[in-house]
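Asks: The structure that follows is given in the form of structure tokens.
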Amino acid sequence: MSHFSTIKTKFKDEDFLLKALRVLKYPAYIDQRLVNPVNHVHEEVEVQIAVGNKIGFKWNGDEYELIAELDAWDLDVPVQRFIDKISQKYAEEIVLDTIGKLGYEVEDKKTTVDNKIELICAKWL
């Protein structure tokens with residue numbers, strides 16, 4: 567029997583989550599209902615942020631949880647890699663927003679071979 571699975575995440579801010587998804591070129595829609603994949607019959611789920619119509623993020627009161635029909639996962643990356651990619655972009659967007667509010671500008675950005683992001687920032691006084 568198939569079902570939608572719930573996976574905990576650390577995402578707490580809708581705006582940064584939406585931005586991370588869109589920067590990574592995932593279609594992100596607000597307040598959607600996830601559909602049942604072909605030949606899967608179970609309750610449909612309302613989500614605050616949908617990635618297409620089979621994957622979404624639902625607010626649990628503290629953080630967003632990933633909701634997906636794992637048996638029908640059809641993205642180009644496995645579930646954990648999807649979460650990792652979004653987590654990294656989400657964190658980067660928070661850092662960029664914070665340094666911008668503090669008056670800093672990004673002078674250089676590099677991604678290392680082990681996929682770490684290095685930012686060089688400066689503030690002119």
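All letters in the sequence shown, in the order written, are residues 567 to 691 by my numbering.
Quick reminder that beta carbons are idealized off the backbone N, C-alpha and C, glycines included.
1) Between glycine 618 and isoleucine 633, how many whole angstroms is the CB-CB distance? I'm expecting something under 8 Å.
2) Which whole runs of the alpha helix (DSSP H) in the segment 572-628 are 4 residues long or more, in chain order?
3) Considering only the alpha carbon of each residue, which of Ala594, Lys667, Val679, Asp650 lies closest to lysine 689?
4) When the Cα atoms are used, what is the spatial distance from phenylalanine 577 to alanine 657?
5) Please confirm whether glutamate 659 and alanine 594 have their CB atoms less than 7 Å apart.
6) Comparing C-alpha positions only, which one of Tyr670, Leu685, Thr678 sits nearest to leucine 691?
7) Quick one: give me the first and last residue of the beta strand (DSSP E) that alanine 634 is part of.
Replies: For this structure:
1) Actually they do not touch by this definition, with Cβ atoms about 12 Å apart.
2) 580-589, all fully within the segment 572-628.
3) In terms of CA proximity to lysine 689, Lys667 leads the group Ala594, Lys667, Val679, Asp650.
4) Phenylalanine 577 and alanine 657: Cα-Cα distance of roughly 9 Å.
5) Going by beta carbons, glutamate 659 and alanine 594 fall outside the 7 Å limit.
6) Closest option to leucine 691, Cα to Cα, is Tyr670.
7) DSSP places alanine 634 in the uninterrupted beta strand (DSSP E) bounded by 630-634.
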